[in-house]
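S.K.: The opening residue of the sequence shown carries number 1 in the numbering used here; numbering runs sequentially from there. Idealized CB from N, CA, C, for every residue including glycine.
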Amino acid sequence: MGYGLIIAGIAFLFVPSFGLYDIMPDVIGYLLIVAGLSKLSQLNGDLQSSRRNFRYLLYISLAKLILTLPVLNINDEMTTMLLVFAFAIAETVFLLPAFSELCEGSYYLSSRSGCDVPDRSADDLRLFSRIFAIGRAVLVTVPELTVLTNNAYKESVTVDDLEKPTLYDSKSILTVACFVISLLIGAVFFALALRYFGRLRKDAGSVAVMRQRYAEEIEGDDAKQAYAAVRSCTALVTVACVFLTGVHFYGFDVLPDLVAAALFLAVFYKLRRMTDTKPASRAALVTAVICTASFAAEYYIARKYFNGSYEATTSTGGPYMIAAACRAVCFVLFAWLLYKLSSYLCRAVDGYTKAPTFDEEAYKKGLYIKCRTVGVAGIAACGISAAAGFLTLYNGLFRFAGAAAFIACAVICFVNMNRLCDELSRRL
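1. In the DSSP assignment, find the unbroken alpha helix (DSSP H) run with residue 215 in it and report its ends.
2. For the alpha helix (DSSP H) that residue 38 lies in, which residues bound it at each end?
3. Rounded to whole angstroms, what's the CA-CA distance from residue 77 to residue 124? Just pull it up for me.
4. Can you find at least 3 beta carbon pairs, one from the region 192 to 209 and one from the region 5 to 16, that sit closer than 8 Å?
5. Measure the alpha-carbon distance for residue 113 versus residue 209 and round it to whole angstroms.
6. With distance defined between alpha-carbon atoms, name the residue in 39, 12 and 24 nearest to residue 213.
7. So, under 8 Å CB-CB, residue 84 and residue 58 are touching, yes? Tell me the CB distance rounded to an integer number of Å.
8. Using 8 Å as the Cβ pair cut-off and three pairs as the minimum, do the region 50 to 68 and the region 175 to 182 touch?
9. Measure how close the beta-carbons of residue 200 and residue 30 come, nearest whole angstrom, since I'm counting them as under 8 Å.
10. Using beta-carbon positions only, say whether residue 137 and residue 88 come within less than 8 Å of one another.
11. How about residue 190 and residue 14: do their beta carbons lie closer than 8 Å?
12. Whole angstroms are fine: how far does the CA of residue 43 sit from the CA of residue 24?
13. Taking only the alpha-carbon atoms, compute the straight-line gap between residue 19 and residue 135 and give it to the nearest angstrom.
14. Relative to the C-alpha of residue 16, which candidate in 269, 148 and 141 has its C-alpha closest?
15. Taking 8 Å as the threshold (beta carbon to beta carbon), is residue 67 in contact with chain C?
16. To the nearest angstrom, report how far apart residue 147 and residue 131 are at their CA atoms.
17. Taking residue 126 as the reference, which of 79, 106, 111 and 82 has the closest Cα?
18. Return yes when the Cβ of residue 63 is within less than 8 Å of the Cβ of residue 95, no when it is not.
19. Measuring alpha carbon to alpha carbon, tell me which of 270, 139 and 183 ends up nearest residue 81.
20. Does the beta-carbon of residue 261 have 16 or more other beta-carbons within 10 angstroms, so that it is buried, or is it exposed?
21. Below 8 Å on the Cβ atoms is my contact criterion, and I expect residue 109 with residue 47 to pass it. Report the Cβ-Cβ distance as a whole number of Å.
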């Protein structure tokens, strides 16, 4: 039922990070936990809320991972400190309720399913999850705060100030000490989680009861299946559209198209399991390859020729036009993928809407809103990309061609997502 994935996800979380640089990326851990709660969350409200918080944490950790590369190029300790502090607060806000609801929901669900789990195990895990969440945030932030004592960031420095030792001088020792303490806290938390969820996972009787309940209440309900299918696919497409905005920071693509291509691959793979027809997975794969080339070319050119700024000259115009051409082709392919996606979503929903019981107004409204969200996200992403095209692409005719390609994406996305909404409205 997903307990194994939850344990694997926590294994990625208990290893601390050095500032923004995570040894075992938290994004993988949150992704595993979200996947592990996919079925369990539909059986319990607390687990559903927990999964939602872990999904927010997944987005936060993904943003943190993407910002690591440009910050590494900047090499500004003050910027690093501010980002570490901001991400630590954001993660703690969602991590505390996520673990608390995970413990409460799993204990309640297992108890209702006949699993004899001691109250102490759940209480210990819930208590230590709070220590773990707060501790990892404090211990990763404290070493970075020492930069405030660095004389280089003071407006006026006297001779006495230079002779006095500061906390910044001991930053390396403090970083290692905080890392070791955080690692010990994480190891204890992982041991408690392994004992608790391992016991739930090994109880064959309660797992069988939960699987039977899931088969009767969830898999047997065509309405819930259709809602879950469209909800997950449109969520992935919405996030993918955000990565099409082409936001640059010091010459680095903060929201790379490569991530959008990977998300499109995930959407088409999911649709392949829900429909009899084979989706355009080859087109998505080709898009991913071209996005990879575009990402590498833009990064190389921005670093070597432009030093982070996008001002083409006579000597650098040729290679930059190649990178810009790759980007324009990417958006044309993305527009075509959005066009194909609308028909595949209709086919997927059509496979779940043939049952006569599929007449609930709540699900109809939910599907309609989700599809509209994709349309709005696509329009916003392509519109911003069109504006970015005038600022970042090579001047003259090629700039106009790039902006036209981005606007074409917005038009195609708008037309097809509205067509999808209308078709769903008629069928439901």
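M.R.: By the coordinates alone:
1. Working through the sequence shown from its first residue, we reach residue 215 at position 215. No alpha helix (DSSP H) holds residue 215; DSSP gives it neither H nor E.
2. Translated into the one-based positions of the sequence shown, residue 38 becomes position 38. Note, residue 38: alpha helix (DSSP H), 26 to 40.
3. Counting from 1 along the sequence shown, the entry for residue 77 is found at position 77. Counting from 1 along the sequence shown, the entry for residue 124 is found at position 124. Cα to Cα, the separation comes out at about 38 Å.
4. The region 192 to 209 is in contact with the region 5 to 16.
5. For the purposes of this step, residue 113 is taken as residue 113 along the sequence shown, with counting starting at 1. For the purposes of this step, residue 209 is taken as residue 209 along the sequence shown, with counting starting at 1. Whole-angstrom Cα-Cα distance: 6 Å.
6. Numbered from 1 along the sequence shown, position 213 holds the residue referred to as residue 213. Check the Cα spacing between residue 213 and each of 39, 12 and 24: the tightest is with 39.
7. As a working note, residue 84 is residue 84 in the sequence shown. As a working note, residue 58 is residue 58 in the sequence shown. Here residue 84 is actually not in contact with residue 58; their C-beta atoms are around 19 Å apart, not less than 8 Å.
8. Judged by Cβ distances under 8 Å, the region 50 to 68 makes no contact with the region 175 to 182, as fewer than three pairs qualify.
9. Taking the sequence shown and counting its residues from 1, one reaches residue 200 at position 200. Taking the sequence shown and counting its residues from 1, one reaches residue 30 at position 30. At roughly 20 Å, the Cβ-Cβ gap does not stay under 8 Å, so residue 200 and residue 30 are not in contact.
10. The residue labelled residue 137 in the question sits at position 137 within the sequence shown. The residue labelled residue 88 in the question sits at position 88 within the sequence shown. Contact flag set, yes.
11. Along the sequence shown, read from residue 1 onward, the residue named residue 190 stands at position 190. Along the sequence shown, read from residue 1 onward, the residue named residue 14 stands at position 14. Closer than 8 Å, so yes.
12. For the purposes of this step, residue 24 is taken as the residue at position 24 of the sequence shown. For the purposes of this step, residue 43 is taken as the residue at position 43 of the sequence shown. Taking the Cα positions, residue 24 is about 31 Å away from residue 43.
13. In the sequence shown, the residue the question calls residue 19 occupies position 19. In the sequence shown, the residue the question calls residue 135 occupies position 135. About 14 Å.
14. Position 16 of the sequence shown holds residue 16. The residue with the shortest Cα to Cα distance from residue 16 is 141.
15. The question asks about chain C, but that chain is absent: this structure has only one protein chain.
16. In the sequence shown, the residue the question calls residue 147 occupies position 147. In the sequence shown, the residue the question calls residue 131 occupies position 131. C-alpha separation (whole angstroms): 26 Å.
17. Residue numbering aside, residue 126 sits at position 126 when the sequence shown is read from its first letter. That would be 106, whose Cα lies nearest to the Cα of residue 126.
18. Reading the sequence shown from its first residue, position 95 is the one you call residue 95. Reading the sequence shown from its first residue, position 63 is the one you call residue 63. In this structure, residue 95 sits away from residue 63, with a CB-CB distance that is not shorter than 8 Å.
19. Position 81 of the sequence shown, counted from the first residue, corresponds to residue 81. With distances taken between Cα atoms, residue 81 lies closest to 139.
20. Reading the sequence shown from its first residue, position 261 is the one you call residue 261. In the assembly as shown, residue 261 is a buried residue. Its beta-carbon has 16 or more other beta-carbons within 10 Å.
21. As a working mapping, residue 109 is identified with position 109 in the sequence shown. As a working mapping, residue 47 is identified with position 47 in the sequence shown. Between residue 109 and residue 47 the beta-carbon gap is near 7 Å, inside 8 Å, which marks them as a contact.
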